[in-house]
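Residue numbers (the working numbering): 523 to 702.
C-beta atoms are modelled at their ideal positions from N, C-alpha and C, and glycine is treated no differently.
Keep in mind that this is a model prediction, so the values were computed, not measured.
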Amino acid sequence: MIFTLLLTACSPQNENNASVNAESARTAQCLALQSQCQFDLMSGQVEVLFDVEKIIAEQSFNMVVNYHGTETLMSISGYLEGVDMFMGKIPLFIEERLSGSLKDNSKKSSAANTLLIDVDAKLQSKENALVIDEIRQTFQGEVLVGSCSAEQMTWRIWLTFTTNENKTYNKTFTVESYRM
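Laid out in structure tokens, this is it:
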């Protein structure tokens with residue numbers, strides 16, 4: 523009888539549930555205690571997402587940066603540092619992603635969408651509108667935060683965006699991490 527219970531507990535259905543849970547954990551999302559998920563750049567908009575529901579100290583996670591705008595981003599650099607406690611500056615290595623392993627519904631910049639921008643509020647026809655290509659890019663970096671004595675810690679993330687026209691934009695936001 524005990525043998526039958528053990529066999530029932532190890533059914534393939536449990537394996538399917540585990541793979542579904544692993545897949546949903548890989549979906550890029552905004553964190554519950556993230557100070558800002560989206561922000562504007564002069565040339566477009568940025569969305570910063572994570573592949574975990576909450577950040578656990580000493581467990582790596584991915585940060586996904588989705589960009590759409592009128593200029594191409596050449597690079598994103600940055601670092602994070604502790605707000606509550608000095609933990610040093612942890613560099614972020616963020617690279618453009620050509621094809622995704624995370625679900626974020628982004629396309630490479632070669633699949634530019636057309637955006638109609640109205641030149642003058644009085645002009646309503648398509649013939650009188652300026653057509654500009656909208657660039658879509660996705661960047662990703664693996665991140666690991668250190669553990670400290672506090673159960674919860676606030677981290678400030680500093681990002682620098684450099685465009686193909688050598689313009690730079692700096693943005694900061696905060697996230698929370700937890701000890702295991």
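Beta-carbon proximity list for residue i, same chain, < 6 Å, skipping 5 on both sides
i           : result
residue 606 : 675, 676
residue 561 : 568, 693
residue 558 : 695
residue 555 : 698
residue 551 : 571
Where residue i falls, given that 16 or more other Cβ within 10 Å makes a residue buried
i           : result
residue 585 : buried
residue 628 : Reliability of the predicted coordinates at residue 628 is poor, the pLDDT of 39 falling under 50, and no value is obtained from them.
residue 686 : exposed
residue 565 : buried
residue 671 : exposed
residue 655 : exposed
residue 699 : buried
residue 615 : exposed
Residues near residue i by beta carbon distance below 7 Å, same chain, minus five either side
i           : result
residue 664 : 582, 584
residue 649 : Caution applies to residue 649, whose pLDDT of 48 falls short of 50 and renders its modelled position unreliable; the value that the coordinates give is listed next. Cβ within range, chain order: n/a, list empty.
residue 669 : 579, 580, 701
residue 673 : 700, 701
residue 590 : 566, 567, 656, 657, 658
Assumed close pair residue i, residue j - CB separation to whole angstroms, cut-off 8 Å
i           : j           : result
residue 661 : residue 619 : 6 Å
residue 579 : residue 701 : 5 Å
residue 553 : residue 697 : 6 Å
Cutoff 8 Å; reference residue i; Cβ partners in own chain excluding five residues on either side
i           : result
residue 603 : 609, 610, 611, 612, 677, 678, 680
residue 593 : 565, 566, 657, 685, 686, 687, 689
Exercise for the section: Only counting runs of 3 or more residues, tell me where the beta strand (DSSP E) segments fall wholly within the segment 576-606, in order along the chain. Expected result: 583-591, 595-604
Practice task
For the segment 549-578, list the beta strand (DSSP E) runs that are entirely contained and at least 3 residues long, ordered along the chain.
Solution key: 560-563, 566-572
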